[in-house]
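**Q** Residue numbers (my numbering): 7 to 1176.
Ideal Cβ positions, reconstructed from N, Cα and C, are used throughout, including at glycine.
As structure tokens, then:
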């Protein structure tokens, strides 16, 4: 039923009421006379509850009602309940009272045959003591049994556990150690009977002749009876529950015997460690049998935390043995799809370790491996499609009949194919079979094969050489292990499309069969695929076909890509109509287990919403879990862009994503996600994670407080690279309001604002463990701003180690601003208990209630009484705190401060060449670049206060300041202190050296009262003169021959790049011509007398003349636009102006930008021309 609003419901009710009222007013009176009528015979389900665990009969069993009324002195037994149910017509049920359910009932003497319509509901165990049968179902009976265990039951002839001649359904039943003298040790399904079983276990049963697990002569369907999830199963040993395990037949069919009249289907079933003294250790088939690996449209309910696409089945014949046909012996019609046939062995002198076929055998999407001595022995008709044969000790295929093999891989066996019959071979590869790829003298035909040794006379278009196959592994995707062609393999795109059998659209794994126009040779098709999501509905119809359901969902797309293409890779895109939100249902998306690219339509266009319901069964990855490989071999990891992940919740860790190995996130938003303990948005243990242009807003951990917990947005233990990303309002009660890093974190061009934690309001860098391993507990913060964050220790950053273990964290801060952060105890900006290096950074306005407001170098705060060790190295930086000392060393700390050339307002730390006093910094704002900064104001001692020996690009000093490209680190004779380099030619302090600065110089020219280093006094001489114009000129271009990039400006302002030629003297005639032209263009020449004087002085260059011409243009612009004053008004008042005033400011800014573009263009052109 669709959801309706309250108003819609009221409207609907009103409408119905009106309709009924109208109908009642117009209906005619009833005129039929009253009379008595007999009611139809209706029966309800008759239910009886077994209340005693014996097999005694002393109650009234004439009916269920009679038994309930007269149960006998000791209560109702199962024996009595069955008798009463048989005597009561209709549908009946038997269940067990709480004191009996889950116990064992000894059925010595046997139980009555079930004759009616009956449901038996466990759990209960029936113990036969190898004396009596468990249950018998009569012909015509309709019986369902749930949760029963038949143990040690016995029949002289057939059906030790159950004999079925009717219609029987078994759910979650177990048959253990049952015995039949002839057939069906666990179950005998008679001719004409129907048996349906789900979640069935048959283990350690015995039959004297046929079918120790099941003997079937009727209709049999068995599904979901496997050993449970284990991705390494093909390489493991030892049986576990579910499936047919360790059953023994003295004759034929250790697990299953399907008689000639039988029709059997097995889906998602394991048959392990079974044996037969004659033939068919796992299966003996005389009738029609299908073993099908296609499970259906839903993911399998197996181990918590693991999701599988529809074709990830568990159909396995493994470790079975017999005289011949150890895995299966077929004389009927046997079709096997998506099966693994592994490590089956024929007893000497038998053959057919895998399958012996004397009927009709079809293998599709199967893997046969580890067979002894032979894999497949064919005496009749064999068809093989999309299958792999590898590591079989003898012959992969011995053909004495008629065989057709298509698109298959036969490699690494003793002999590939021993052909003594008739063989058609197409689009297949035989390689590296030690005793020959194709031997025998039978008839052979086919084309487009790869046979590494060139054997196989009669084939056409055969390729030879090295097939370049990868190892046999389940990691290639799909239900079965395969051998994937490597990069550059000669198998790629050389098959024949016309030889692909009709209806075959996928390779062995289930991936698309033809990807690049021409089919590959072998069982695996190589190549990435693109899948388009066409619906926002979170559905799973078992296919990526847009024709199913409402379209192709993201869930279906990920399931397909991870299930079939973990190495090949896939790209998921979104149709134009897929916008808004994909609202997840009751569970997370399928695990991403291989290479995958997801390209969203934009983070503001599409969100994946987890609804904060915590659908993860294992507590990790509220929206999705990612287990991709590192960038080695064929693996390249997972990349996701253009999506929002919101409202994800994980009870343990990773509210939105739990990821390891290699993950790249670009232009993604993470909003309102939460986890119980670690990584409110993302958690990852190992690998490499890269974030570019991402937003983390309002993520949190809910309950964690321990120092081993935290990361309001991210906890990561591997290599974390963060670029141009924003973290705002993320919280944790533990450590790392935004990020908790245990590995190596490199953070560049990013902003952290308003995050909070107990330790490390924005970032917590932690060195864990006894080993001093490289890359653990290392943080590098570059060109970033951390502002307004809070914590008890380390308002912005806390860096420490596991105290007392002798290994130390390392944190480096370069070209960054740490501003306005608060610590309730110590370290308003930074709390350090490791090794900390700060270079060319600004720590301003931070505060702490107890320790240092700037840097507190002290004891690790997650333990008590243990001395720390570390050194703070501080160079070319500013520390000006709002409350608390600028720097402090804890009394119980073994460490020191080092470095020189810093501005530390209170002079703490005792470092050489320290400047004290007010840093005179401007407001925290956008001064250019990607993050907010504080620029030194006129008169600040930070300007040109750095180490005179510091050279950008050397000794860890970057070439640029915090704002990045276009903002050179050195603009004067010495570098500035702090994160921002102020250009001495930037006379108006707008972050750009352009024509506007020339206007500032013009207005101040001749002033002798300007304080040193202020305004247009570019060289700090105390006066504004021609030398200051040379400073501007040198920074506008370059003093000699290089490429000069003007500082970055808004996109609407022209950015000028000019080549600066070396100065050259001009002739007197040229000066005269210039002055005449100037006089004609600007009659008020006196206004520009300062430049005119320069233009006529000796030694004046061509560029001086260009600047003189610039004067005229600049004055006209200033008069008409007034753009300098408008810019100042916009920057100083824009934040508090009314909407109308803001519009006025924006209009003025537009005028300024247009004027500035004209000035810059004119100046650049003149500089280049002259």
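1. Just the Cα atoms here: how many angstroms apart are residue 1217 and residue 818?
2. Let me make sure I understand the geometry here. Which of 677, 653, 654 and 722 has the alpha-carbon closest to that of residue 669?
3. Starting from the N-terminal side, write out each stretch of the alpha helix (DSSP H) that is 4 residues or longer and does not extend beyond the region 566 to 613.
4. What residue range is occupied by the uninterrupted beta strand (DSSP E) comprising residue 182?
5. How should residue 790 be labelled, buried or exposed, when 16 other C-beta atoms within 10 angstroms of its C-beta is the threshold for buried?
6. Taking buried to mean at least 16 other C-beta atoms within 10 Å of its own C-beta, is residue 41 buried or exposed?
7. Nearest to residue 121 by CA position, among 92, 663 and 54, is which residue?
8. Using a Cβ distance threshold of 8 Å, determine whether the region 128 to 136 contacts the region 157 to 166, with at least three qualifying pairs required.
9. Grab me the residues of residue 31's own chain with a C-beta within less than 8 Å of its C-beta, minus the 5 sequence neighbours each way, in chain order.
10. Quick one: complete alpha helix (DSSP H) runs, 4+ long, within the region 953 to 1041?
11. Which residue or residues does DSSP assign as beta-bridge partners of residue 251?
12. Assuming residue 133 is part of the alpha helix (DSSP H), what are its boundary residues?
13. Does DSSP classify residue 480 as helix, strand or coil?
14. Does the structure place the region 263 to 270 close enough to the region 220 to 230 that three or more beta carbon pairs sit under 8 Å?
15. Hey, could you find the ends of the beta strand (DSSP E) residue 429 is sitting in?
16. Residue 425 by DSSP, collapsed to three states: which one?
17. Excluding the 5 residues flanking residue 932 on each side, which residues of the same chain have their C-beta closer than 7 Å to its C-beta?
18. Which partner residues of residue 936 appear in the DSSP bridge assignment?
19. Between residue 77 and residue 59, which are expected to be in contact by the criterion C-beta below 8 Å, what is the C-beta distance as a whole number of angstroms?
20. Could you tell me the boundaries of the beta strand (DSSP E) in which residue 72 lies?
21. Can the beta-carbon of residue 167 be found less than 8 Å from the beta-carbon of residue 184?
22. Do the region 546 to 553 and the region 500 to 514 touch if we need at least three Cβ pairs shorter than 8 Å?
23. Use the C-beta contact count for residue 1194: other C-beta atoms within 10 angstroms, 16 or more gives buried, fewer gives exposed.
24. Between which two residues does the alpha helix (DSSP H) carrying residue 86 extend?
25. Just to confirm my understanding: we take residue 49, look at its own chain, exclude 5 residues before and 5 after, and list those with CB closer than 7 Å. What are they?
26. Check whether the region 380 to 392 and the region 403 to 413 are in contact - that is, three or more C-beta pairs closer than 8 Å.
27. Pull the bridge partners of residue 684 from the DSSP assignment, please.
28. If you draw a straight line from the alpha carbon of residue 216 to that of residue 174, how long is it in whole angstroms?
29. Are the CB atoms of residue 1030 and residue 1011 nearer to each other than 8 Å?
30. Leaving out five residues on either side along the sequence, give the residues of the same chain with a beta carbon under 7 Å from the beta carbon of residue 799.
31. According to DSSP, is residue 475 helix, strand or coil?
32. What is the C-beta distance between residue 609 and residue 673, in whole angstroms, given that I count them as a contact (C-beta under 8 Å)?
33. If you draw a straight line from the alpha carbon of residue 379 to that of residue 418, how long is it in whole angstroms?
34. Less than 8 Å between the CB atoms is what I'm expecting for residue 170 and residue 199, so what's the real figure, rounded?
35. Are the CB atoms of residue 953 and residue 883 within a distance shorter than 8 Å?
36. Measure the alpha-carbon distance for residue 206 versus residue 737 and round it to whole angstroms.
**A** Concretely, from the data shown:
1. Outside the shown range of the chain (7 to 1176) lies residue 1217, about which nothing can therefore be said.
2. Numbered from 1 along the chain shown, position 663 holds the residue referred to as residue 669. Comparing Cα positions, the closest option is 722.
3. Runs of the alpha helix (DSSP H) lying entirely within the region 566 to 613 and spanning at least 4 residues: none are present.
4. Your numbering for residue 182 matches position 176 in the chain shown. Its beta strand (DSSP E) spans residues 180 to 182.
5. Position 784 of the chain shown, counted from the start, is the residue given in the question as residue 790. Buried.
6. In the chain shown, the residue the question calls residue 41 occupies position 35. In this prediction, residue 41 scores a pLDDT of 44, lower than 50, which makes its location untrustworthy; the coordinate-derived value is nonetheless stated afterwards. Exposed, by the Cβ-count rule.
7. Locating residue 121 in the chain shown gives position 115, where the first residue counts as 1. The shortest C-alpha separation from residue 121 is found at 92.
8. yes
9. In the chain shown, residue 31 corresponds to position 25, counting from 1. Residue placement at residue 31 is flagged as unreliable, the pLDDT there being 33, under the threshold of 50; a coordinate-derived value is accordingly withheld.
10. 1001 to 1010
11. To locate residue 251, count along the chain shown from 1; it is residue 245. For residue 251, which the question treats as bridged, DSSP gives the partners 209 and 278.
12. Start at 1 with the first residue of the chain shown, and residue 133 comes out as number 127. Element bounds for residue 133: not the alpha helix (DSSP H) but the beta strand (DSSP E), 123 to 133.
13. Indexing the chain shown from 1 puts residue 480 at position 474. It is helical.
14. Because the criterion of three Cβ pairs below 8 Å is met, the region 220 to 230 and the region 263 to 270 touch.
15. Start at 1 with the first residue of the chain shown, and residue 429 comes out as number 423. Its beta strand (DSSP E) spans residues 428 to 432.
16. Counting from one through the chain shown, the residue named residue 425 turns up at place 419. Residue 425 falls in the strand class under three-state DSSP.
17. Within the chain shown, numbered from 1, the residue matching residue 932 stands at position 926. Closer than 7 Å at the Cβ level, and outside the excluded window around residue 932, lie 938.
18. Here residue 936 refers to the residue found at position 930 when the chain shown is read from its first residue. Its beta-bridge partners do not exist; DSSP assigns none.
19. The residue labelled residue 77 in the question sits at position 71 within the chain shown. The residue labelled residue 59 in the question sits at position 53 within the chain shown. The pair is not a contact, with the Cβ atoms about 14 Å apart (cut-off 8 Å).
20. Translated into positions along the chain shown, residue 72 becomes position 66. That residue, residue 72, is in no beta strand (DSSP E); its alpha helix (DSSP H) goes 70 to 75.
21. Counted from its first residue, the chain shown places residue 167 at position 161. Counted from its first residue, the chain shown places residue 184 at position 178. Yes.
22. no
23. Nothing in the structure corresponds to residue 1194, since the chain is present only between 7 and 1176.
24. As a position in the chain shown, residue 86 is number 80, starting the count at 1. Per DSSP, residue 86 belongs to the alpha helix (DSSP H) from 84 to 92.
25. Position 43 of the chain shown, counting from 1, holds the residue named residue 49. At residue 49, the pLDDT of 48 sits below 50, so the modelled position is not reliable and the matter cannot be decided from this model.
26. yes
27. Indexing the chain shown from 1 puts residue 684 at position 678. Answer is 659 and 716.
28. Numbered from its first residue, the chain shown carries residue 216 at position 210. Numbered from its first residue, the chain shown carries residue 174 at position 168. Straight-line Cα distance between these residues: approximately 21 Å.
29. Here the question's residue 1030 lines up with position 1024 in the chain shown. Here the question's residue 1011 lines up with position 1005 in the chain shown. Yes, the Cβ-Cβ distance between residue 1030 and residue 1011 is below 8 Å.
30. Within the chain shown, residue 799 is the residue found at index 793, counting from 1. Excluding positions up to five away in sequence, the list reads 765, 829, 831, 832, 833, 837 and 867.
31. One-based indexing of the chain shown puts residue 475 at position 469. Three-state DSSP puts residue 475 in a strand.
32. Residue mapping note: residue 609 aligns to position 603 of the chain shown, counting from 1. Residue mapping note: residue 673 aligns to position 667 of the chain shown, counting from 1. A Cβ-Cβ separation of about 6 Å places residue 609 in contact with residue 673 under the 8 Å criterion.
33. Within the chain shown, numbered from 1, the residue matching residue 379 stands at position 373. Within the chain shown, numbered from 1, the residue matching residue 418 stands at position 412. Rounded to whole angstroms, residue 379 to residue 418 spans 14 Å at the Cα level.
34. In the chain shown, the residue the question calls residue 170 occupies position 164. In the chain shown, the residue the question calls residue 199 occupies position 193. Contact flag correct, Cβ pair sits at about 5 Å.
35. Numbered from its first residue, the chain shown carries residue 883 at position 877. Numbered from its first residue, the chain shown carries residue 953 at position 947. Between residue 883 and residue 953, the gap from beta carbon to beta carbon reaches 8 Å or more.
36. Translated into the one-based positions of the chain shown, residue 206 becomes position 200. Translated into the one-based positions of the chain shown, residue 737 becomes position 731. Their Cα atoms are separated by approximately 48 Å.
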